[in-house]
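Structure record follows, encoded as C-alpha cells.
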Amino acid sequence: MSTLPIDPPSTAAEPLDAADLALLHRCRYGRRIRAALGYALFGLFTLFALVLAALLLDAGVRRDAGWPIALLVLCLAGLSLYVWRGLRRGPASRRALDAALRGELRKSVVSGTVDDFGPAAAPGLRYTLDGERVDVALPYWNDITQNPDLGMRPSLLVSRADVPVRLHLLHVLPDSQPLLLRAEYPGTPAAVTTDAPMEAADRAPTRQAGGVVRKILLGAALVAAAAGFVMAPAFLLAAVFAAVAFLPLPGDGLVARATHKRVLTGEVDETIGYRTLHLRGNDMVGASMEYNYRVGGELYRVAHLGAPGRPGQRMTLEYLDLGAGGIKPLFVRFDGGPRLEA
C-alpha cells in the first residue's frame, strides 16, 4: 500500500503591511535606552571585575578571601562577555529594522498545516509544518534589536494542531532565526476590538504595582550604598537605583489620563508562557508565569494569576493602547469565567 507524499509548506514574498510596521516600531521603541543600558552594564561588570582582580594582587587579601573573590571575578567576567555578545551584533540588527521600516525589506509568508509546536534550539519557537521545521524569534522575548538568537526560553507552549497556519516572517540577520511578525490561523473566527469607558477599578492595579517597584528600587539603593563602604564604585550604582526609583513608570501618566480602554474578544490560537518575576498588588510574586496569547494573528502579553487560557477558548482582554510603547493589559477573562487582573 503506497502513501501519498506530503507537500512541503509554501513560501511567498510579500511587502510589509501597516500591522507589520506598527509591530516593528514597538520592537524598536526605546532601543537607544536599551543600548545605553547594555553598555552601562558591560562597563559596570567589567569595572567591578577589574577592581576585584586588583584586590587579589594583595597577598593578605588572597590569604583571607582569595577563593570567593576569584569566583566573583569569574562570574562578573562571564556576565560582561554575555552582554558584549549581544552588543556586538546590535548595529546590524538595528540597521535591518530601519531598512524594513523604510520599505526596503520584504517578509516571507510560510503556509502549511501545524504538525507540532515547541521550543526551538535557540531561544524562540519551532513550528513543524507539513513535516518541515521552522524556527522563529518572538517579539519582546527575543532580543530583536541586538541578536534575535538571544532571549528567554518559553516554559509553556500550546497551539491548535492539524490546522492551516500562515507565518509572517522577517529575516533581520541572514544567519539568525527570523522574526515572527504574525501567525494567522485561517479557520479561526475573526477577533473583534471595541472601545469602552474607563472605570476607577481599572486604575488601581497600576498605582499599587508602581509603589512596589519604587520600594524595591530604593531597597536596592540602600544595599548598594552599604556595599559602597567596601567598594566605592557601588555608590554610583546606589545613585542610579535611587534616581530610577523616582522616575515615572511607563504608562503611568496614560493610565491616569485615559477616558476609554480597548476590549478585544476572540479565540485563542496559541498560549506561550515564560517564567518571570512579576509584581502584583503589594506583594512580589516569585517565579510567576507571564502568558502570551495569539488572538486574531497578533500576540498579546498578559500576566495574570489562575489557570492560563487554552487554544479554542474565547478570550476577552481589556487594555490601553500605548502606541509605540505596546499595550497596557488591565483585565482578562476566558470563556465567561472570572475577570482576572492583568
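Residue numbers (this note's numbering): 244 to 585. All residues carry an ideal CB built from backbone N, CA and C; glycine is no exception. Nothing here was measured: the structure is a model prediction, and the numbers come from that model.
Item to check | Cα-Cα separation between Asp392 and Thr559, rounded to whole angstroms | outcome: In the sequence shown, counting from the first residue as 1, residue 392 sits at position 149. In the sequence shown, counting from the first residue as 1, residue 559 sits at position 316. About 32 Å.
Item to check | Rounded straight-line distance, which links the Cα of Thr437 to that of Glu584 | outcome: Stepping through the sequence shown from its first residue, residue 584 is reached at position 341. Stepping through the sequence shown from its first residue, residue 437 is reached at position 194. Their backbone Cα atoms lie some 19 Å apart in a straight line.
Item to check | Pro432 classed as buried or exposed, judged by whether at least 16 other C-beta atoms fall within 10 angstroms | outcome: Here residue 432 is taken as the residue at index 189 of the sequence shown, counted from 1. Flag for Pro432 reads exposed.
Checklist entry - Is Pro407 helix, strand or coil when you go by DSSP? => result The residue you call residue 407 lines up with position 164 of the sequence shown. Note: Pro407 maps to strand in three-state DSSP.
Item to check | Strand pairing of Tyr562, partner residues [DSSP] | outcome: One-based indexing of the sequence shown puts residue 562 at position 319. Arg505, Pro572.
Checklist entry - Do you know how far the Cα of Glu375 is from the Cα of Pro440? => result Here residue 440 is taken as the residue at index 197 of the sequence shown, counted from 1. Here residue 375 is taken as the residue at index 132 of the sequence shown, counted from 1. Roughly 46 Å between the two C-alpha positions.
Checklist entry - Going by beta carbon distance, what residues of the same chain come within less than 6 Å of Met527, once the five residues before and after it are set aside? => result Here residue 527 corresponds to residue number 284 of the sequence shown, with the count starting at 1. Since pLDDT at Met527 reaches only 49, below the 50 mark, its modelled position is unreliable, and no value is offered.
Next on the checklist: DSSP three-state label for Leu381, please.
Outcome noted: As a first step, residue 381 is located in the sequence shown; it is residue number 138 there, counting from the start. Three-state DSSP puts Leu381 in coil, outside helix and strand.
Checklist entry - Hey, quick one: how far does the alpha helix (DSSP H) through Leu266 stretch, first residue to last? => result Taking the first residue of the sequence shown as 1, we reach residue 266 at position 23. Where Leu266 is concerned, the enclosing alpha helix (DSSP H) stretches over 261-271.
Item to check | Terminal residues of the beta strand (DSSP E) in which Arg582 lies | outcome: The residue given as residue 582 occupies position 339 in the sequence shown. Careful: Arg582 lies outside any beta strand (DSSP E) and carries neither H nor E.
Next on the checklist: Just to confirm before moving on: does the CB-CB distance between Gly394 and Gly367 stay below 8 Å?
Outcome noted: The residue given as residue 394 occupies position 151 in the sequence shown. The residue given as residue 367 occupies position 124 in the sequence shown. Cβ distance < 8 Å, so Gly394 and Gly367 count as in contact.
Checklist entry - What's the C-alpha gap between Ser323 and Gly286? => result For the purposes of this step, residue 323 is taken as the residue at position 80 of the sequence shown. For the purposes of this step, residue 286 is taken as the residue at position 43 of the sequence shown. Going from the Cα of Ser323 to the Cα of Gly286 covers about 8 Å.
Next on the checklist: Less than 8 Å between the beta carbons of Pro554 and Thr514, yes or no?
Outcome noted: Reading the sequence shown from its first residue, position 311 is the one you call residue 554. Reading the sequence shown from its first residue, position 271 is the one you call residue 514. Result yes, Cβ atoms of Pro554 and Thr514 sit closer than 8 Å.
Checklist entry - Relative to the alpha-carbon of His503, which residue among Val538, Lys571, Phe484 has its alpha-carbon at the smallest distance? => result Within the sequence shown, residue 503 is the residue found at index 260, counting from 1. Per the Cα distances, Lys571.
Checklist entry - Would the region 333-352 and the region 409-420 be scored as touching if the rule is three or more Cβ pairs under 8 Å? => result yes
Next on the checklist: Quick check on Thr431: does DSSP put it in helix, strand or coil?
Outcome noted: For this step, residue 431 is matched to residue 188 along the sequence shown. Residue state, collapsed to three classes: coil.
Checklist entry - Are at least three pairs of beta-carbons, each pair with one atom in the region 296-309 and one in the region 253-271, less than 8 Å apart? => result no
Item to check | Cβ shell of Arg425 (< 6 Å), same chain only, five flanking positions each side left out | outcome: Indexing the sequence shown from 1 puts residue 425 at position 182. Once the five neighbours on either side are set aside, the close Cβ partners of Arg425 are His411, Gly540.
Checklist entry - Which term fits Ser253, buried or exposed, when burial requires 16 or more other beta carbons within 10 angstroms of its beta carbon? => result As a first step, residue 253 is located in the sequence shown; it is residue number 10 there, counting from the start. Label assigned to Ser253: exposed.
Item to check | Cutoff 6 Å; reference Gly549; Cβ partners in own chain excluding five residues on either side | outcome: Within the sequence shown, numbered from 1, the residue matching residue 549 stands at position 306. Leu583.
Checklist entry - Under a Cβ-count criterion, where at least 16 other Cβ atoms within 10 Å of its own Cβ denotes burial, should Ala363 be classed as buried or exposed? => result Taking the first residue of the sequence shown as 1, we reach residue 363 at position 120. Result: buried.
Item to check | DSSP three-state assignment for Arg328, whether helix, strand or coil | outcome: The residue you call residue 328 lines up with position 85 of the sequence shown. Three-state result, Arg328: helix.
Next on the checklist: Considering only DSSP beta bridges, list what Phe577 is partnered with.
Outcome noted: In the sequence shown, residue 577 corresponds to position 334, counting from 1. The partner list for Phe577 (beta bridge, DSSP) reads Met558.
Checklist entry - Which value, in whole angstroms, describes the spacing of the CA atoms of Leu314 and Leu299? => result Taking the sequence shown and counting its residues from 1, the one referred to as residue 314 is at position 71. Taking the sequence shown and counting its residues from 1, the one referred to as residue 299 is at position 56. Cα-Cα distance, rounded: 11 Å.
Checklist entry - How many Å lie between Glu510 and Leu266 at the Cα? => result Here residue 510 refers to the residue found at position 267 of the sequence shown. Here residue 266 refers to the residue found at position 23 of the sequence shown. The alpha-carbon atoms of Glu510 and Leu266 are separated by roughly 21 Å.
Next on the checklist: So, at 8 Å on beta carbons, what are the nonlocal neighbours of Trp310 in its own chain, with the 5 sequence-adjacent residues on each side left out?
Outcome noted: Position 67 of the sequence shown, counted from the first residue, corresponds to residue 310. Result list for Trp310: empty, nothing under 8 Å.
Checklist entry - Using the beta-carbon count (16 or more within 10 Å), is Glu442 buried or exposed? => result Taking the first residue of the sequence shown as position 1, residue 442 is located at position 199. Glu442 should be labelled exposed.
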